[in-house]
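See structure below.
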Amino acid sequence: MLLAIDCGNTNTVFSIWDGQKFLCTLRTATDHQRTADQYFVWFKTLLHHHGIKADITGVIISSTVPRVVFNLRVFSDRYFNCRPLVVGKPECRLPVDVRVDAGTQVGPDRLVNTVAGFDLYGGDLIVVDFGTATTFDVVDSDGAYIGGVIAPGVNLSLQALHEAAAALPHIDVTKPERVIGTNTVDCMQSGVFWGYVGLINGLCERIKAERGRTMKVIATGGLAPLFQQGTDVFDMFEDNLTMHGLTVIDAYNKEG
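The numbering used here puts the first residue of the sequence shown at 14, with every later residue one more than the last.
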């Protein structure tokens, strides 16, 4: 069994892959101070709760927070007796090329999403990931990652708005019934929701025009289902896109 770990700026997700399907997906807050022992106690407790007996034989990690990788390595070595594969490290090979400016370090999550998107749908893709940042990753016809766009995440924008303007409350993201708000909360929700819909539509349109070809648009990330309600730009929604990409990369390295 493979333990796939996706560590983002906000949350870290653990999924167990038995070779055919994911047995479970567990989520915890990202914290670089969490030790290997703490990871194991949390992990083992939730597996017991779900009634899962997992014989982990491999671990693969994608992390946008470098400081957590050390303890996850220790967690893998100490409790599963295996050296984890870390996306972005020299020993981890990718089944696709990365064609960006020399010296540019591409986030591991963006590379994993590229691999997953190409494996599922082929090339000429735009992958929109709603995370701490909202990213647009462009996949060439041969599966190569060729760049993209990074915009502030939805919740990050709301937090900044609340902290910078004392009179504005902290609100949840939801689809408002009308564009024109008649109170402060409605106005903020409209600005965030419809503002991001405009951002998504506009950037996807510009990327397609710049590429001069038809492209499929894949949405992933926690807020993707919400924004699907406001636009028809998305061709597909993939909840487990990153996890799927990790299983593809792991299999590719084992074959090699």
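Beta carbons are placed, not taken as given, at the ideal position from N, Cα and C, and that holds for glycine.
* Terminal residues of the continuous alpha helix (DSSP H) containing R112? -> For R112, there is no enclosing alpha helix (DSSP H), as DSSP gives it neither H nor E.
* With K221 as the anchor, note down where its alpha helix (DSSP H) starts and where it stops. => Start and end: T197 to R224.
* State the Cα-Cα distance for the pair F88 and A179, rounded to the nearest angstrom. => F88 and A179: Cα-Cα distance of roughly 43 Å.
* Asked: Assuming I139 and M228 make a contact with CB atoms under 8 Å, what is their CB distance in whole Å?
  -> With 8 Å as the limit, I139 and M228 qualify as a contact, their Cβ atoms being about 5 Å apart.
* Three-pair Cβ contact test at 8 Å for the segment 231–247 versus the segment 209–218 -> They touch, by the three-pair rule.
* To do: Take R91 and list the residues in its own chain whose beta-carbon comes closer than 7 Å to its own, dropping the five residues that flank it on each side.
  => Excluding residues within five positions, the ones whose Cβ falls inside 7 Å are A49.
* Asked: Do the CB positions of P11 and V100 come within less than 7 Å of each other?
  -> As displayed, the chain neither begins before 14 nor continues past 269, which places residue 11 out of reach and without an answer.
* Cross-strand partners of S75 (DSSP beta bridge) -> The partner list for S75 (beta bridge, DSSP) reads D19.
* Asked: Can you name the start and end residues of the beta strand (DSSP E) that V230 belongs to?
  -> In this chain, the beta strand (DSSP E) harbouring V230 covers K229 to G234.
* Asked: What residue does the alpha helix (DSSP H) around D44 start on, and which one ends it?
  -> Secondary structure note for D44: it is in no alpha helix (DSSP H), with a DSSP letter that is neither H nor E.
* **8 Å Cβ shell around T233 - same chain, five flanking residues per side excluded** => Hits under 8 Å: N126, V140, V141, D142, F143, F250, E251, D252, L254 and T255.
* Could you give the residue range of the alpha helix (DSSP H) that holds S170? -> That run of the alpha helix (DSSP H) goes V167 to A177.
* To do: Go through the segment 53–105 residue by residue and report every complete run of the alpha helix (DSSP H) that reaches 4 residues or more, in order.
  => The segment 53–105 contains these whole alpha helix (DSSP H) runs: 79–93.
* Asked: Roughly how many angstroms lie between the CA atoms of V152 and H183, to the nearest whole one?
  -> Distance between the alpha carbons of V152 and H183 is about 36 Å.
* To do: Could you spell out the range, first to last residue, of the beta strand (DSSP E) harbouring V140?
  => Counting along the chain, the beta strand (DSSP E) containing V140 begins and ends at L138 to F143.
* To do: Compare the Cα-Cα distances from P97 to each of W207, R224, D185 and D19 and report the closest residue.
  => The shortest C-alpha separation from P97 is found at D19.
* Report the option in L212, E190, M201 and C95 whose CA atom is closest to the CA atom of I74. => Of the candidates L212, E190, M201 and C95, the one whose C-alpha sits nearest the C-alpha of I74 is C95.
* Bounding residues of the alpha helix (DSSP H) (the contiguous stretch that carries T127) -> First-last of the alpha helix (DSSP H) with T127: P121 to Y134.
* Hey, out of N214, A115, V109 and F206, whose CA is closest to S154's CA? -> Of N214, A115, V109 and F206, the smallest CA-CA separation from S154 is found for V109.
* Between the Cα of G204 and those of P189, Y158 and L124, spot the shortest distance and give me the residue it belongs to. => Comparing C-alpha distances from G204 to each of P189, Y158 and L124 shows the shortest one belongs to P189.
* Taking the Cβ atom as the reference point for each residue, do N266 and R106 lie within a distance shorter than 7 Å? -> Cβ atoms of N266 and R106: closer than 7 Å.
* To do: Have a look at E176 and S170 and give me their C-alpha separation to the nearest angstrom.
  => Those two C-alpha atoms are separated by around 10 Å.
* Asked: Given that a residue counts as buried once 16 or more other Cβ atoms are within 10 Å of its Cβ, and exposed if not, what is R226?
  -> Exposed is the call here.
* To do: Report buried or exposed for V128, applying the criterion of at least 16 other Cβ atoms within 10 angstroms of its Cβ.
  => Around the CB of V128, 16 or more other CB atoms lie within 10 Å, so the residue is classed as buried.
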